[in-house]
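Numbering (my numbering), first residue to last: 186 to 249.
Each residue gets a CB set at the ideal place from its N, CA and C atoms; glycine is no exception.
Predicted model, so just to flag it, every value in this text is computed and none were measured.
Heads up, the thing below is written out as structure tokens.
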Amino acid sequence: MSTGKGRKRVKNQPALHEELKKQHGIFLTNTAWYFVCEQAVKEKTSASEYIEALIQQKKRETKG
């Protein structure tokens with residue numbers, strides 16, 4: 186996912202979200218993982234960004 190024209194990424198500064206990302210581990214079935222990867226390709230983003238977007242969307246819906 187691009188940060189936008191003219192916006193350079195800076196180390197230790199969030200580029201797409203309000204906070205820095207940290208590495209976390211989750212366990213998924215192969216079926217779920219392949220689905221995430223396929224959807225991420227369709228969205229032209231990474232699996233990590235795809236999952237992040239799903240969670241952010243759900244968060245907005247439940248905040249209501």
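Mapping DSSP to helix, strand and coil, what is Thr230? coil
Would Tyr219 be called buried (16 or more neighbouring beta carbons within 10 Å of its own) or exposed? exposed
Closest by C-alpha distance to Glu204, when choosing among Glu223, Thr214 and Gln241: Gln241
By how many angstroms is the C-alpha of Thr216 removed from the C-alpha of Lys207? 25 Å
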